[in-house]
Structure formats: C-alpha cells, structure tokens
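Before any comments, here is the structure.
Number of protein chains: 2
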Amino acid sequence: PSTPLSSRTDLLFPSQTPGNNKLQRASEIMRHGYPSSDQLKHYDNYVLMYDRRNRNAYWVFEHLTPAQLDRDKKQSDRTKSVFLEDASVHPYFRSTNGDYKNSGYDRGHLAAAGNHRHSQEYMNQTFHLTNISPQVGKGFNRDIWNDLEKYVRSVGRKSRNLYVCTGPLYLPRKDPYDGKQYVKYEVIGKNNVAVPTHFFKVLLIEDNQGEFELQSFVLPNQEIPNGTKLRNFLVPIDSIERAAGFLLFDRLPKEKLRSINGKKI
Amino acid sequence: PSTPLSSRTDLLFPSQTPGNNKLQRASEIMRHGYPSSDQLKHYDNYVLMYDRRNRNAYWVFEHLTPAQLDRDKKQSDRTKSVFLEDASVHPYFRSTNGDYKNSGYDRGHLAAAGNHRHSQEYMNQTFHLTNISPQVGKGFNRDIWNDLEKYVRSVGRKSRNLYVCTGPLYLPRKDPYDGKQYVKYEVIGKNNVAVPTHFFKVLLIEDNQGEFELQSFVLPNQEIPNGTKLRNFLVPIDSIERAAGFLLFDRLPKEKLRSINGKKI
Ligand SMILES: [Mg+2]
Ligand SMILES: [Mg+2]
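Chains as they are written, first to last, in our numbering: chain A, 1 to 265; chain B, 266 to 530.
This is how it looks when you write it as structure tokens:
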C-alpha cells in the first residue's frame, strides 16, 4: 500500500536523478519500505494529489474547454452520483462518509461536479471522497463557492483552454493573547479529516490567440455575506504557493502571460 | 523548481502505472506544470522527505551499524558543523536560520548528528535545516530527546543492523470548551516554519540471527520532567502511521518480526 504512485509523474516529465552512490546507499537505508506522504491519483478527467495526513487533496487539476462545458451536450444526471470512499487509499488514510456525518460540514467538491456534465462516469468520479473537503454549507459551499464554480464555467465556455487548480489551505493566524502565529483547524470523524481554514482556486485562461490570463482566489471556509463580490478574494498567486507548499503553472512561458488578476502586464 | 524529485523513488522500487489513456489525459490537464507537495532528498548517509508546506521533514531514515557507531572510529568534530539552509529547496519553502532566531526553539536534529561521527562530511549533512525541526530546548532537545538518541546508538552498537525513522507529528487535541478536535501548532519566522506538537522515532532492530524487533516512540515537544522513563513513550506503530500519513517498514516480512515494544509476538 505504500507504493509511491507519485513516482509516476516521471512518465510525464523527466526529472533530476541523485548520483548512483546515493541511490545505492538509499536502497540500503530504505530496505524495509519507502513511505510516500502524498499520493497521485489519475481519474479520467482530472488529476489529484492526495494528502494522506490531512485526508484532503493537496490539489486537483482540471482542463476545461467550450466543448466539454456545452450545455447542449449534457450527458449526466447529478442525482445519479453518490459519494464514494476511495478504496485505492489505504484505510488508515481514507476519509469516509461516516467522518462527515453529523460533523456540521458539507461534502464539498474541489473539482466541481458541474464541470463534468458531458459524461455520467466523469461526473461520478468527482464524487470520490479524495476530491471532497469539509466545507461550511450555508453561505459557502451552497453560495459563494458555488458562484465561483459557475464563474469558472462561464470563463471556460469562452476560452480556448481553461486550466483550473483547486485545493485547501491551512493558514496561520495571530493569537491576540500571546502575539504568536498559529495554524489551527478542526478535524472531524474517526479518521480525523482536516477542515481547511481556506480554499484556493486558480484559473489559467488561454484565449484564442494562445495568450494567457491568470486569476487566483482564496476564500475563507466560513459563511460569507450574500452579495460579496468574487473579486474581493483575488490574491497574488505566490501567497497560495507559499502556503500550499507547491508551485502552480510554473512551466507556462512567462512571455505568454498577458494579465494577472485582471491587471495587464 | 517543481521538478518532482519524489518521482525518483521508482528507481528503487517499481510501482503501479495508471492506464495510458489516463496518462495521456493527465499530460493535457497538467500541461503548464506539475506540482509536487513533498520532496525526496538523498544525502550521503540518510534519506529525507521534506514537507514543503510545513518546512519540516515528513520523515528521515537512517541505517546504523556497529562499525558506523564505533567510538574508536570517530572522524568528526561537531563544533566544525554549521546549520545550513538547503539551497536545493525553493526559497518559498525553505526554512532559514533567521526563522529560528529569537523563536525560543532549538534547531533540533531529526537524524541525530551523533549517529554520523565516522565522517565529518556525513555529520555536516545532518545540519541541513531540512533535517531540523523547532524543538523545545530545556527539558526536551537537550534532555529526554538527547537521551533517546543515546539509547538509539546503544542499540545500534549491539545490533547487526538498525533502521531508524524519525519525524514530526501534528496531533489533534480536544478543545474542552466546544468538545471538538483541533490540530493547533505554532509557526515561526517569516517562512512560517511549523513547530510540531510531537516527534516520533521508530527503531527496527535486526539481530545477528536476522530476526527483528520494533520499538516506536512518540514524545510531546515540551519540557518533560527529569527522570521520566523512555518506555513511557512507547506507542503502537499504527498510531504514528495514521497521524503521520504514511506506513513504516511495511516491506518487512512479518514472520521475521519477533518483538514489538518489548513484547514478544
Ligand atoms: Mg460544492
Ligand atoms: Mg538534538
């Protein structure tokens, strides 16, 4: 079960190799098992990195096109989809429907179900609990986060390609009593599923000229007043990268990027 | 900088591959960069997985032998080692000496410097900040944690092979006010280096008959009264695995395991 699935990224992108001596020594040091902390999962229409410590994704990537989002090509019925515990995750690290029950939180999608309406199977796959995080229901999952998902689709319908990365954050806050910074988040259920303090969504939009625009949002996982504008949640992408622990879209040729968070560059 | 170093684990252990269709689709979805959340680092005499979100290791593995720990073969001087920021970690995710300064915490070793006295270079490498976590100094790093490190070496001197895995934990606690479980930890410095709530150390001891004994410890990162026995901190290994998010020594043939935490099996 500790097979490093993440190792297969090298099939897509070659990477650096440590010297032979170090690899030889590593094979001795690691003789009795090689743990992997994250786990890469390839679904049919999205890619996800699972954080086995927090029982949430690290990130979920989607690639949306006008064809995929065409309302006339809808081939699915959301009521036929059910939330699925992911048997490919070791039971120690798997989130379950039971963890969410009576927690007070919604089972919130990271890759939005509504982005995958062109196939019942693809939509069903977004209901894997690996793609689900505990989200505040009223005022968040059912409201502004849903608005953000609709906005993403409206962008996708008029772009040549739209790449979307979505994930949870666990942001520090200053304690007013001692002035120190703390990360604090709830964990739910017997599997201690982390409740993220925030969620991010980053859109890389390719127009019909092959030029790119970047938009990056961070929303707190809490009830947000009706009517709050999405643009209030635009943040510099590096603030997401630093907090999340990874770089986003770093292979994009920088000279093709024409706009960031609505500002021309 | 997002090159998935972790991908190279496949050089050591082959792993499962998703189908070609999914890999093909993934190469489209991930066209503009493939984030990796953890980072595998091969040093000359230990192996480490770095948690770029918390700026601590996930785990550090060592392999100790009587020859390596022989006091007559000491070839190093600890005062010649300096704490090194690890330039191979992207600056967004790198912990620095400045982060520790005035934090109130020691720069605590995960792979103990004293396990690598047979080579100045090997000892120096344990001073990379990737191998360092913020530890309470008095009553912990300078006392019971140091005692545990000495105990490890005493075991290593009389075993054919000793495999040691060490790492941080961020354990939930019940809030007495609302009865819910929360993970809470401080972060220090401008890079928000996480202060683990606990540390684990797991020993896999191979005797001269090729049979194995497992000992697994979890200690809270706090001042612990002098004279507290190390055996009070023995815990079932699965409690570490569940909290840490990975399996330990899972390739060990179970029939060769003769003792767990001092109990024959
Ligand atoms: Mg939702
Ligand atoms: Mg120490």
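Here a beta-carbon is modelled for each residue, glycine too, at the ideal position from N, C-alpha and C. If you're wondering where the values come from, they're calculated on a predicted model, not measured in any experiment.
Hey, out of B:HIS328, B:ASN396 and B:TYR357, whose CA is closest to B:ARG372's CA?
Out of B:HIS328, B:ASN396 and B:TYR357, B:ASN396 has the C-alpha closest to the C-alpha of B:ARG372.
Taking 7 Å as the cut-off, is the CB of B:ASN486 close to at least one heavy atom of ligand 2?
No, Cβ of B:ASN486 sits at least 7 Å from all heavy atoms of ligand 2.
In whole angstroms, what is the alpha-carbon distance linking A:ILE240 and A:PHE200?
Cα to Cα, the separation comes out at about 7 Å.
To which residues does DSSP link B:TYR315 through a beta bridge?
Paired residues: B:GLN304 and B:ALA322.
Using CA atoms only, rank isn't needed, just tell me which of B:PHE405, B:ASN473 and B:GLN446 is closest to B:PRO485.
The option with the nearest alpha carbon to B:PRO485 is B:PHE405.
Starting from the Cα of B:LYS519, find the closest Cα among B:LYS339, B:GLY510, B:ILE530 and B:ALA509 and give me that residue.
Measuring from the Cα of B:LYS519, the nearest candidate turns out to be B:ILE530.
For the segment 202-213 of chain A, list every residue whose C-beta sits within 7 Å of some C-beta in chain B, in sequence order.
So the list reads LEU204, given in the order they occur along the chain.
Quick check: what's the CA-CA separation for B:ASP342 versus B:GLU414?
Approximately 18 Å between the Cα atoms of the pair.
Can you give me the start and stop residues for the beta strand (DSSP E) that A:LYS174 sits inside?
Counting along the chain, the beta strand (DSSP E) containing A:LYS174 begins and ends at 172-174.
Can we say the segment 204-217 of chain A touches the segment 475-493 of chain B, given the rule of at least three CB pairs closer than 8 Å?
Taking 8 Å as the limit for Cβ pairs, the verdict is that the segment 475-493 of chain B does not touch the segment 204-217 of chain A.
Under 8 Å by Cβ, that's how I've got A:LEU64 and B:GLY298 pegged, so tell me the actual separation to the nearest angstrom.
In fact, because the Cβ distance is near 17 Å, the residues do not count as touching under 8 Å.
Just to confirm my understanding: we take A:PRO1, look at its own chain, exclude 5 residues before and 5 after, and list those with CB closer than 6 Å. What are they?
Low per-residue confidence applies at A:PRO1: pLDDT is 32, beneath 50, and the placement is therefore not dependable, though the value from the model is reported in the following sentence. Here the set comprises HIS90.
Hey, which unbroken runs of the alpha helix (DSSP H) at 4 residues or more fall wholly within the segment 104-169 of chain A?
Those alpha helix (DSSP H) runs which fall completely within the segment 104-169 of chain A and span 4+ residues are 120-125 and 144-157.
With a Cβ-Cβ cutoff of 8 Å, do A:LEU69 and A:ARG157 count as a contact?
Cβ distance < 8 Å, so A:LEU69 and A:ARG157 count as in contact.
Given the structure, does A:ASN141 come close to ligand 1, in the sense that its CB is under 7 Å from one of the ligand's heavy atoms?
Yes, Cβ of A:ASN141 sits closer than 7 Å to a heavy atom of ligand 1.
Report the option in B:THR462, B:VAL458 and B:GLN385 whose CA atom is closest to the CA atom of B:THR344.
With distances taken between Cα atoms, B:THR344 lies closest to B:GLN385.
Name the chain B residues whose beta carbon is nearer than 8 Å to that of A:TYR182?
Within 8 Å Cβ-Cβ: LYS449, TYR450, GLU451 and VAL452.
Alpha carbon to alpha carbon, how far is A:PHE233 from A:VAL82? Give it in angstroms, no decimals.
Those two C-alpha atoms are separated by around 31 Å.
Taking 6 Å as the limit between beta carbons, can you name the residues of its chain near B:PHE326, skipping five residues before and five after?
The answer, listed in chain order, is VAL312 and CYS430.
For B:LYS366 and B:ASN319, I'd like the C-alpha separation in whole angstroms.
Near 17 Å, if we compare the C-alpha coordinates of B:ASN319 and B:LYS366.
Using a Cβ-Cβ cut-off of 8 Å, state whether B:VAL312 counts as contacting chain A.
So yes, B:VAL312 belongs to the interface.
Could you tell me how far apart the beta carbons of A:HIS42 and B:LYS287 are, in whole angstroms, since I believe they sit closer than 8 Å?
Right, the Cβ-Cβ distance comes to about 4 Å (below 8 Å), so this counts as a contact.
Rounded to whole angstroms, what's the CA-CA distance from B:ASN310 to A:SER27? Just pull it up for me.
So the alpha carbons of these two residues sit roughly 11 Å apart.
Is there a Cβ of chain B sitting closer than 8 Å to that of A:PRO134, yes or no?
False, the Cβ-Cβ gap to chain B never drops below 8 Å.
Ignore the nearest five residues each way along the sequence and tell me which others in A:ILE260's own chain have a CB closer than 7 Å to its CB.
Around A:ILE260: LEU214.
Candidates A:LEU40, A:TYR58 and A:ARG52: which alpha carbon is nearest A:LEU169's?
Checked all of A:LEU40, A:TYR58 and A:ARG52; the closest Cα to A:LEU169 is A:TYR58.
Please determine, among A:LEU129, A:MET49, A:ILE188 and A:MET30, the residue with the shortest C-alpha to C-alpha distance to B:MET314.
It is A:MET30 whose Cα lies nearest to the Cα of B:MET314.
For ligand 2, any of its heavy atoms closer than 7 Å to the Cβ of B:TRP410?
Yes.
May I have the straight-line CA-CA distance separating A:ARG251 from B:PRO300, to the nearest angstrom?
Distance between the alpha carbons of A:ARG251 and B:PRO300 is about 10 Å.
Identify each residue in the segment 156-173 of chain A for which the Cβ-Cβ distance to at least one residue of chain B is less than 7 Å, and report them in chain order.
So the close ones are TYR163 and PRO172.
Nearest chain A C-beta to B:ASN457 closer than 8 Å, yes or no?
Yes, its Cβ sits closer than 8 Å to a Cβ of chain A.
Could you tell me if the beta carbon of A:HIS116 falls within a distance shorter than 7 Å of some heavy atom in ligand 1?
Not under cutoff, so the answer is no.
So within the segment 341-365 of chain B, which uninterrupted beta strand (DSSP E) runs reach at least 3 residues, ignoring any that extend past its ends?
Qualifying beta strand (DSSP E) stretches: none in this window.
Rounding to the nearest angstrom, what Cα-Cα distance links B:ARG523 and B:ARG359 in this structure?
Cα to Cα, B:ARG523 sits roughly 41 Å from B:ARG359.
Please find out if some non-hydrogen atom of ligand 2 comes closer than 7 Å to the beta-carbon of B:GLY373.
True, at least one ligand heavy atom lies under 7 Å from that Cβ.
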